[in-house]
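Only one structure is covered here, and it is reproduced in the block below.
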Amino acid sequence: MTLSLSRVAKTFAGGTKALLPTDLTIAPGEILSLLGPSGCGKTTLLRIIAGLEQPDPGARVLFDGEEVTALPVERRRIGMVFQSYALFPNMSVRANIGYGLKMQGLARADIDARVDEVTALCQLQPYASRAVTALSGGQRQRVALARAIAPRPRVLLLDEPLSALDAALRGQLRDELALLLRSFGITAIFVTHDQDEAMAIADRVAVMRAGQVAQIGTPETLYRNPTSGFVARFVGGAMPLRGRVTGDHLHLPGGALRLRPGAAGQQVFVRAEDIRLDPEGPLAARVEAVTFLGTHYRLALSGAAPDLLTALHAGHSAPRPGEAVRLSIAPDALLSLPAEDHA
Ligand code: ATP
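Number 215 in my numbering belongs to position 100 of the sequence shown; there are no gaps in the numbering.
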């Protein structure tokens, strides 16, 4: 299903503008993630799509070209998965999955067939007759997903579905959820404040800030071509290099870096993975701290820029805290972005 939003905005009683007028189109089968810090309006946007929240006048929500703006949630044919799975604890996995179908008044045989289908799709057969209380967090999450897709919704809406899980399980389920959503082939919108989660699961990510979509694009586009300091920081943790630009050079406390042409008047950012230890490098720095991460060392570096910089170093050994080092950064790795007041 194609989902289109036109001038969707929300002002809450009391005047909070949770969402400024937003236009968005999501293609059939596309998985879109709404990513942003707390309070940026992600949940409000999702709730408007669901029909749980009424947008300001002038907004239009279209499902395959059909206007659903005024339709209540139960008539939109959407599937929802929340952080708290809201499963029925005293019912079996099968009964939970079949619940929505029973409510729709489907015949027993049809319910059984559909439950079998999604139970298999979500790899829940071994647990089908168990009570949900006898399942792990990850298994419960799959039951919630199976229950949401069983009635064949037109769009699946997920609000922080992994945030109730511990860190190790989250990482594992992130990939599992990405595969499952793809196998459903259903249009899905996924709210998260976790960049890794958004990047791993979504075809496109809408980065939100203060009630607006700051940028929308594939994970690669957002990482390689952020259009603002906010997106550069939020996706891939770019660090500002606060210095003085003259001609094609950026002058920093530790030395001068060559920029790509046309960077004057811009803010310059760099990512930890693009800062190299290089004895011939133009920037002087001092190692403050070293953390071994297995595949990399993470270095905290002072003196090169006004702020502490983090660098990832992939060698077999690393300098020690207190050592003086030299750094280089390829001109291509310096992100020159429009200056913002609070980038
Ligand atoms: P989080 O990640 O913390 O859930 P979010 O990005 O989902 O945040 P929203 O829940 O959409 O953000 O909230 C956006 C803004 O609207 C916030 O400033 C919030 O306080 C405000 N807000 C949300 N719901 C209401 C409400 N029912 N009444 C008044 N203000 C609200």
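Think of the CB as a built atom: it goes at the ideal place given N, C-alpha and C, for glycine as much as any other residue.
Proximity test, residue i beta-carbon vs the ligand PLP heavy atom, cut-off 8 Å
i, result
"LEU147", "With respect to small molecules bound, the structure shown includes the ligand ATP and not the ligand PLP."
Distance, residue j Cα to residue i Cα
i, j, result
"GLN198", "LEU284", "14 Å"
"ALA317", "THR342", "19 Å"
"GLU312", "GLU291", "11 Å"
"ARG269", "ALA347", "33 Å"
"LEU374", "ARG319", "29 Å"
"LYS157", "ASP363", "39 Å"
"ALA400", "ALA445", "17 Å"
"ASN205", "ASN211", "9 Å"
"PRO421", "HIS308", "28 Å"
"ALA128", "GLY351", "36 Å"
"THR184", "LEU177", "7 Å"
"GLY151", "ASP274", "13 Å"
"GLY370", "ALA325", "36 Å"
"ALA458", "VAL123", "In this prediction, ALA458 has a pLDDT of 42, which is less than 50 and means its spatial position is unreliable; nothing more can be read from the coordinates."
"ARG223", "LEU147", "34 Å"
"SER465", "THR131", "Outside the displayed range of the chain (116 to 458) lies residue 465, so it cannot be described from this structure."
"ASP179", "PRO368", "56 Å"
"GLU388", "VAL188", "45 Å"
"HIS366", "THR126", "44 Å"
"TYR200", "LEU277", "10 Å"
"ALA249", "ALA315", "29 Å"
"GLU181", "ARG245", "40 Å"
"MET354", "ALA448", "12 Å"
"THR410", "ALA433", "12 Å"
"PHE475", "PHE349", "A question about residue 475 goes unanswered here, because the residues of the chain that appear run from 116 up to 458."
Other residues of its chain near residue i: CB distance less than 6 Å, five sequence neighbours each side excluded
i, result
"SER451", "ALA378, GLN381, VAL383"
"SER121", "ASP138, ARG175"
"ARG75", "Beyond the ends of the chain as shown, which are 116 and 458, falls residue 75; an answer cannot be given."
"GLN327", "LEU135"
"GLN466", "Nothing can be reported for residue 466, as the shown portion of the chain is limited to 116 through 458."
"ARG386", "GLY351, ALA353"
Close beta carbons around residue i, own chain, < 8 Å, minus the five adjacent residues each side
i, result
"PRO436", "VAL402, GLU403, ALA404, VAL405"
"LEU216", "ASP225, ILE226, ARG229, VAL230, ALA265, PRO266"
"ILE193", "ILE164, ALA165, GLY166, PRO268, ARG269, VAL270, LEU271, LEU272"
"ALA142", "THR117, THR302"
"GLU145", "THR302, ALA303, ASP318, ARG319"
"LEU416", "ILE390, ALA400, ARG401, VAL402, GLU403, LEU423, LEU424, THR425, ALA426, VAL440, LEU442"
"LEU202", "ASN211, VAL247, ARG255, VAL258, ALA259, ARG262"
"GLU438", "ARG401, VAL402"
beta-carbon residue i near the ligand ATP non-hydrogen atom, thresh 8 Å
i, result
"HIS308", "yes"
"LEU134", "yes"
"GLY166", "no"
"ALA128", "yes"
"CYS155", "yes"
"GLU275", "yes"
"THR158", "yes"
"MET323", "yes"
"PRO170", "no"
"GLY326", "yes"
"THR137", "no"
"THR336", "no"
"THR96", "Since the displayed the chain opens at 116 and closes at 458, residue 96 lies outside it and no answer follows."
"PRO152", "yes"
Beta-carbon contacts of residue i that lie in its chain and below 7 Å, excluding the five residues immediately before and after
i, result
"ASP393", "ARG441, LEU442, SER443"
"GLN219", "PRO266"
"GLY252", "ALA279, LEU280, LEU284"
"ALA237", "Just to set this straight, residue 237 is Cys in the shown sequence, not Ala. Same-chain partners within the cutoff: ARG257, LEU260, ALA261, LEU295."
"ALA329", "VAL322, MET323, SER343, PHE345, VAL346"
"GLY396", "ARG441, LEU442, SER443"
Cβ of residue i within 9 Å of any chain C Cβ
i, result
"ALA282", "Looking at the structure shown, chain C is missing, and only one protein chain is on hand."
Determine, using beta-carbon pairs with one atom in the region 355 to 363 and one in the region 425 to 432, whether at least three such pairs fall under 8 Å. no
Ordered list of beta strand (DSSP E) runs contained in the region 352 to 424, each at least 3 residues: The DSSP assignment places 359 to 361, 364 to 367, 370 to 373, 381 to 385, 398 to 407, 412 to 417 as complete runs of the beta strand (DSSP E) inside the region 352 to 424, in order along the chain (cut-off: 3 residues).
If contact is defined by three or more beta carbon pairs under 8 Å, each pair taking one atom from either stretch, is the region 441 to 455 in contact with the region 339 to 355? With a cut-off of 8 Å, the region 441 to 455 and the region 339 to 355 count as touching, because enough Cβ pairs lie within range.
Is it the case that the region 329 to 339 contacts the region 291 to 301, given that we only count it when at least three CB pairs across the two stretches are under 8 Å? no
Any contact of the region 129 to 148 with the region 158 to 173, i.e. 3+ C-beta pairs under 8 Å? yes
Going residue by residue through the region 135 to 170, where are the continuous beta strand (DSSP E) segments of at least 3 residues, counting only ones entirely within it? 146 to 150
Would you list, in sequence order, the uninterrupted alpha helix (DSSP H) runs of no fewer than 4 residues that lie entirely inside the region 192 to 253? 208 to 218, 223 to 236
Every unbroken alpha helix (DSSP H) within the region 246 to 312, with a cutoff of 4 residues, ordered by chain: 252 to 264, 282 to 299
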